[in-house]
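As numbered in the numbering used here, residues 6 to 396 make up the sequence shown, in order.
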Amino acid sequence: MAHGGEAVGRADGKAVFVDGALPGETVEVEILEDRGSWARATLVSVVEASDDRIEPLCGHFGRCGGCQWQFASRPTQANWKHDVVAGQLQHLGKIVDADVRPTLTPGPDFGYRNRMDFRVERGRPALYRRRSKDREVLDECPILSDALSSMLDEVGDLTPLHRITLRAGSNTGDRLAIVSGGVPGSAGGWSFPVCRVRRGRAEPIHGTPSLTERIGGTTFRITASAFFQNNTEGAETLVELVGEALQLTDADTLLDAYAGGGLFALTAGRNAGRVLAIESAGMAVADLAYNSKRVGVEVDVIAASVEGGIRGEDWTAVVCDPPRTGLGAAGVTALTRPGPRVIAYVACDPASLARDARLLREAGYDLDYAVPVDMFPQTFHIETVARFQLR
C-alpha cells in the first residue's frame, strides 16, 4: 500500500497504482495515466480477493473522497500505516532500519471525528468525490462522532450556504457551527451556537463563537475554525507520546512550535521549568493566551512565524506540530539554533517527516524512534510522533 492510499501492483513489470485494491489481490484495471516507469489505473474488477477485504459500512464509500480504506479491518489498516511510515523514512529520509514502533489505534473504528468541513450542494452537506471536484451529497457519514451526526441531522436545508463546519467537544458536549455564505433562516433555531469567520475574526450569529474540549485533564477554548486535533482520543494519545519523548524536568525550557491553542504547552509542558509557545494564527494565539491563564500554566506566547519569529530566546527541548508541508530547511534551522537536547516531532504527513528527518540529521539530530498513530481510521492519513535526539 502506497503513501496516498493506493495499492501498488505490477503489470508487465511496471508499477501500477490502483485506488480501491488491496495488497495480495489480483485485479483487472483500466490504465488512466501512463508515465513510462509507472502508471495509475482505475479498478474494473477484483479477480482474486484478499482475505483482508471486508464489506464497507458506509453507502457512500467508493464515491465519497472522505474515506479510502473502509474495505479493510482496522488492524490491517494499522499495519499498512506502519509500513508507509517506515517506507517513507527509508525512501525519502534515507534512514535504513528506522525504529518504527507498532501503530497505536486509539478510539473507535468509526464515530471518532469531532470536526468536519462540508461543502453545500443542493442545500445539503457534501464532500468531494474521490479524485474529483464533483461533490457527493451525504445521507450518512459513519466517521462522525454522535454529536456531529446529530448536528448533521438537525441543520436541514442549507441552500444559502457555500460551506459549513461542524465541531463538537467529545469530552465536554460543546457544539459549534461555522458557516460561509448566506445564513439559513432555520439557523436561529439550531440547538448549538453559529458563527462565521471574516478577516480572521470570529463573528457570532447566535451564541458564543467558540467551544471547549478537555484533553489530559486540561480544558481548552477553541475559537471558531482555529486548529485543534480532530480526534479527541487520538489527541490524548499524542499528548502522552510527546511527554514520553521529551521527559521534561524543571531544568528544561520547552519550545512549543506551531502551538495552536496550547495542546502540548499546557499538558506535557507542565513538567518544564519554562514554556515558550510560538503561533502565527490570530485566533489560535488568543486561545493560547486565554487557555494559559485559565489553567494557571505560565506560557510566554510569541505571535509570529516559526521560521523568523524567535529572537533572543534559548530552549532545551522542542515539541513541534507543523502543517502538512513540514518544517523545511528554515524551520529546522530555527528550532535547532540553540541546540536543544531533544525534539518531539508530531507529523501529519510521513513524507514531510522523512524529508525533515534528513534535514535534522544534517543539523546534528538522529531519529530515535517513530510511533504511528491511527487517528483517522478508514483513511490513509497518519499521525506520527517521532523523537529526535542531539547527537
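All C-beta atoms in this analysis are idealised placements derived from N, C-alpha and C, irrespective of residue type, glycine included.
Residue i versus residue j: straight-line alpha-carbon distance, rounded
{"i": "Leu340", "j": "Ala26", "result": "41 angstroms"}
{"i": "Gly14", "j": "Asp261", "result": "42 angstroms"}
{"i": "Ala207", "j": "Thr170", "result": "13 angstroms"}
{"i": "Val324", "j": "Asp56", "result": "40 angstroms"}
{"i": "Trp85", "j": "Gly287", "result": "37 angstroms"}
{"i": "Ala309", "j": "Arg316", "result": "10 angstroms"}
{"i": "Leu365", "j": "Gln252", "result": "20 angstroms"}
{"i": "Asp24", "j": "Pro377", "result": "22 angstroms"}
{"i": "Phe22", "j": "Ala44", "result": "6 angstroms"}
{"i": "Leu132", "j": "Gly70", "result": "7 angstroms"}
{"i": "Ala294", "j": "Gly9", "result": "36 angstroms"}
{"i": "Glu35", "j": "Ala46", "result": "5 angstroms"}
{"i": "Asp319", "j": "Asp373", "result": "23 angstroms"}
{"i": "Phe76", "j": "Arg342", "result": "46 angstroms"}
{"i": "Val90", "j": "Ala352", "result": "10 angstroms"}
{"i": "Ser42", "j": "Ala7", "result": "16 angstroms"}
{"i": "Pro107", "j": "Glu245", "result": "16 angstroms"}
{"i": "Glu388", "j": "Arg201", "result": "29 angstroms"}
{"i": "Gly331", "j": "Ser137", "result": "25 angstroms"}
{"i": "Gly222", "j": "Arg134", "result": "38 angstroms"}
{"i": "Leu94", "j": "Gly333", "result": "15 angstroms"}
{"i": "Ala375", "j": "Ile100", "result": "12 angstroms"}
{"i": "Pro328", "j": "Thr228", "result": "19 angstroms"}
{"i": "Val290", "j": "Gly161", "result": "34 angstroms"}
Nonlocal neighbours in the same chain, by C-beta distance under 6 angstroms from residue i, ignoring five residues either side
{"i": "Ala250", "result": "Ala349 and Arg392"}
{"i": "Gly98", "result": "Ala359, Ala362 and Arg363"}
{"i": "Phe225", "result": "Glu218, Gly266 and Asn296"}
{"i": "Glu238", "result": "Pro111 and Gly112"}
{"i": "Thr164", "result": "Gly128"}
{"i": "Gly29", "result": "Ser55"}
Cβ separation of residue i and residue j, assumed to be a contact under 8 angstroms, to the nearest whole Å
{"i": "Gly64", "j": "Glu141", "result": "About 11 angstroms; that fails the 8 angstroms criterion."}
{"i": "Val300", "j": "Val280", "result": "Wrong, their Cβ atoms sit about 12 angstroms apart, outside the cutoff."}
{"i": "Ala83", "j": "Asp379", "result": "5 angstroms"}
{"i": "Pro382", "j": "Arg172", "result": "Not a contact, Cβ separation roughly 20 angstroms."}
{"i": "Ile183", "j": "Ser230", "result": "5 angstroms"}
{"i": "Asp257", "j": "Thr321", "result": "5 angstroms"}
Closest Cα partner of residue i within the set the options
{"i": "Asn105", "options": "Gly92, Phe115, Tyr117 and Asp114", "result": "Sequence inspection shows Val at residue 105; the Asn mentioned does not correspond to that position. Minimum Cα distance to Val105 is reached at Gly92."}
{"i": "His167", "options": "Val125, Lys138 and Phe385", "result": "Val125"}
{"i": "Thr31", "options": "Ala334, Arg58 and Gly190", "result": "Arg58"}
{"i": "Gly212", "options": "Glu388, Arg329 and Ser196", "result": "Ser196"}
{"i": "Thr242", "options": "Gly186, Ser215, Val390 and His96", "result": "Val390"}
{"i": "Ser285", "options": "Gly205, Leu143, Gly174 and Asp158", "result": "Gly205"}
{"i": "Arg40", "options": "Lys19, Ser175 and Glu60", "result": "Lys19"}
{"i": "Ala264", "options": "Asp255, Gln234, Asp257 and Gly278", "result": "Gln234"}
{"i": "Ala356", "options": "Ile148, Asp88, Val52 and Glu33", "result": "Asp88"}
{"i": "Asp179", "options": "Pro189, Ala12, Glu159 and Leu216", "result": "Leu216"}
Own chain, CB closer than 8 angstroms to residue i, minus 5 neighbours either side, in chain order
{"i": "Arg275", "result": "Val302"}
{"i": "Asn236", "result": "Pro111, Gly112, Tyr117, Arg118, Asn119, Met380 and Phe381"}
{"i": "Asp139", "result": "Tyr133"}
7 angstroms Cβ shell around residue i - same chain, five flanking residues per side excluded
{"i": "Asp371", "result": "Phe393, Gln394 and Arg396"}
{"i": "Gly314", "result": "Ile283 and Ile307"}
{"i": "Glu312", "result": "Ala335, Gly336 and Ala339"}
{"i": "Phe385", "result": "Gly9, Gly10, Gln73 and Trp74"}
{"i": "Val199", "result": "Ala182, Val184, Ala192, Ile210, His211 and Gly212"}
{"i": "Asp151", "result": "Gly116"}
{"i": "Leu48", "result": "Val23, Asp24, Gly25, Ala26, Val32 and Val34"}
Original post:
Counting only runs that start and end within the stretch 340–368, where is the beta strand (DSSP E) found for 3 or more residues in a row?
Top reply: The stretch 340–368 contains these whole beta strand (DSSP E) runs: 347–352.
Original post:
At which residue ranges does the stretch 317–341 contain complete beta strand (DSSP E) runs of 3 or more residues, listed in the order of the chain?
Top reply: Whole beta strand (DSSP E) segments, 3+ residues: 322–325.
**OP:** Please specify which runs of the beta strand (DSSP E), each continuous and at least 3 residues long, are wholly inside the stretch 161–212, giving them in chain order.
**Re:** Runs of the beta strand (DSSP E) lying entirely within the stretch 161–212 and spanning at least 3 residues, in chain order: 166–173, 180–186, 199–203 and 206–211.
Original post:
Can you list the alpha helix (DSSP H) stretches of 4 or more residues lying completely in the stretch 71–157, in chain order?
Top reply: The stretch 71–157 contains these whole alpha helix (DSSP H) runs: 79–96.
Original post:
If you scan the stretch 24–80 from start to end, which runs of the beta strand (DSSP E) of 3 or more residues do you find wholly inside it?
Top reply: Here the runs fully enclosed are 31–39 and 43–53.
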